[in-house]
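*Asks:*
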Amino acid sequence: MSNSSAGTSSKPRTASSQPSETSSKRKRGVFQKELQHMMYGFEDDPNPLPESVALMEDIVVEYVTELVHKAQDIGSQRGKLSVEDFLYLIRKDSPKLNRCTELLL
Amino acid sequence: MKQSKDPFEAAFEESPPESPTATETEAETQNPTPPPPPPPPPSSFSGVAVVALNPQQPQNQKVKNKDNEEEEEEEDNMDVELAKLPSTGDPHKMAKMQAILSQFTEEQMSRYESFRRAGFQKANMKRLLASITGTQKISVPMTIVVSGIAKMFVGEVVETARIVMKERKESGPIRPCHLREAYRRLKLEGKVFKRSSSRLFR
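First to last, the sequence lines map onto chains F and S.
Using the numbering used here, read the first sequence as starting at -6 and increasing by one per residue.
Using the numbering used here, read the second sequence as starting at 22 and increasing by one per residue.
The structure is reproduced here in structure tokens:
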């Protein structure tokens, strides 16, 4: 009984933790195929659950949206994005920063 | 009496050993047309991490329809030499990696292949960035960087979701509840960007 009540009470909170302002406008399922391979590569099942892949896509799109908005806010030139803005944002996350600098070589 | 050289012989003597045959060179001198450009190398699986492709792979491919492009692209690049890592690393590291890869089981190798090759397609990521920013001027390096960051973020979320599953003593595929909990934890750790103030104009 307590489980079901906890589940219902936690539902609105989880929904609020996943704001999807872009998800309503964009076409869904764009990254589904890539995310399936990616999730399998990162220790999930060979065939991840479709609902998990769909949720992961929403999370990733939300993350990228926030990342871009932050980059626009701290951008050296307002309204003009550059790679340096993204590198500045992830300056404290050394694995990501190292990977990005490696990719840009 | 001085004998004039046959043009065929002259062309044959002038051409270096690796050059095309004499008749071809003679024809080229008569019709000086520029040689056709070399065919572009087959595009990789749009992965963030580059994997060395099989050298026996055919280089020149037919022009594809837009619908079948993605599927054929995957099929073309199915042969992957995972043991061959990018040559930028030091030889000691490469030897170590070779030793590890040789110990892999079939399942581990399959998973490693997915890990290496999976990545967000540049066109889709470019479209997403264009829709977020509202401008069509999205540079290629920016797309590469955002794809790389997003891939690493997916890894963090899945890894944290696995930790959540272990804590709850659950097994099987990752479920949405695990992903939500993982996302919540990453937010608490400050690994997810939160807007400090609400944006007035988008």
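C-beta: ideal position from N, C-alpha, C; glycine also.
Keeping to the same chain, check which residues put their C-beta closer than 6 Å to that of P62 (chain S); ignore five residues upstream and five downstream.
*Replies:* Confidence at P62 (chain S) is low in this model, with a pLDDT of 43, below 50, so its placement is unreliable and the value that follows should be read with caution. So no residue of the chain qualifies.
*Asks:* Cβ closer than 8 Å: which chain F residues qualify as neighbours of I195 (chain S)?
*Replies:* M32, D37, D38, P41, L42, S45
*Asks:* Just to confirm, are P41 (chain F) and M31 (chain F) a CB contact at a threshold of 7 Å?
*Replies:* no
*Asks:* Quick one: give me the first and last residue of the alpha helix (DSSP H) that V213 (chain S) is part of.
*Replies:* No alpha helix (DSSP H) holds V213 (chain S); DSSP gives it neither H nor E.
*Asks:* Just checking: is the beta-carbon of V175 (chain S) within a distance shorter than 7 Å of some beta-carbon in chain F?
*Replies:* Yes, its Cβ sits closer than 7 Å to a Cβ of chain F.
*Asks:* Should A171 (chain S) go down as buried or exposed, given a rule of 16 or more other Cβ atoms within 10 Å for buried?
*Replies:* buried
*Asks:* Quick one, which of S:V213, S:D111, S:K143 has its alpha-carbon nearest E117 (chain F)'s?
*Replies:* An answer regarding residue 117 (chain F) cannot be provided, because it is not within the stretch -6 to 98 covered by chain F.
*Asks:* Residues in the same chain with beta-carbon distance under 8 Å from T246 (chain S), minus the five sequence neighbours each way, listed in chain order, please.
*Replies:* An answer regarding residue 246 (chain S) cannot be provided, because it is not within the stretch 22 to 223 covered by chain S.
*Asks:* For a contact meaning CB atoms closer than 8 Å, what does M163 (chain S) contact in chain F?
*Replies:* L74, S75, V76, F79
*Asks:* Could you spell out where the alpha helix (DSSP H) holding I165 (chain S) opens and where it closes?
*Replies:* 161 to 188
*Asks:* Is A139 (chain S) close to chain F? Criterion is C-beta to C-beta, closer than 7 Å.
*Replies:* A139 (chain S) belongs to the set of residues whose beta carbon lies under 7 Å from a beta carbon in chain F.
*Asks:* Against chain S, with Cβ distances strictly below 7 Å, would R92 (chain F) count as a contact?
*Replies:* Yes, contact with chain S.
*Asks:* What span of residues does the alpha helix (DSSP H) with G193 (chain S) cover, start to end?
*Replies:* Looking at the DSSP string, G193 (chain S) is not in any alpha helix (DSSP H), and its letter there is neither H nor E.
*Asks:* If you draw a straight line from the C-alpha of V60 (chain F) to the C-alpha of N91 (chain F), how long is it?
*Replies:* In the sequence on display, residue 60 (chain F) carries Leu and not Val. Going by the C-alpha atoms only, they are around 17 Å apart.
*Asks:* Would you call E177 (chain S) buried or exposed, if buried means 16 or more other Cβ atoms sit within 10 Å of its Cβ?
*Replies:* buried
*Asks:* Run through chain S and tell me which residues come within less than 9 Å of I67 (chain F), C-beta to C-beta.
*Replies:* Result: empty, since nearest Cβ-Cβ is about 11 Å, beyond 9 Å.
*Asks:* For R84 (chain F), does the three-state DSSP call read helix, strand or coil?
*Replies:* coil
*Asks:* DSSP three-state label for V76 (chain F), please.
*Replies:* helix
*Asks:* Determine the chain F residues that contact E180 (chain S) at a beta-carbon separation under 9 Å, and present them in chain order.
*Replies:* F35, E36
*Asks:* Given that S123 (chain S) touches chain F, what residues does it touch there, using C-beta distances under 9 Å?
*Replies:* Under the 9 Å cutoff, chain F gives no residues; its nearest Cβ is about 20 Å from S123 (chain S).
*Asks:* To the nearest angstrom, how far is the alpha carbon of K117 (chain S) from that of T154 (chain S)?
*Replies:* In this model, K117 (chain S) and T154 (chain S) are separated by some 43 Å (Cα to Cα).
*Asks:* With DSSP as the reference, label T154 (chain S) as helix, strand or coil.
*Replies:* helix
*Asks:* How many angstroms separate the CA atom of F35 (chain F) from the CA atom of F141 (chain S)?
*Replies:* A direct Cα-to-Cα measurement between F35 (chain F) and F141 (chain S) gives close to 14 Å.
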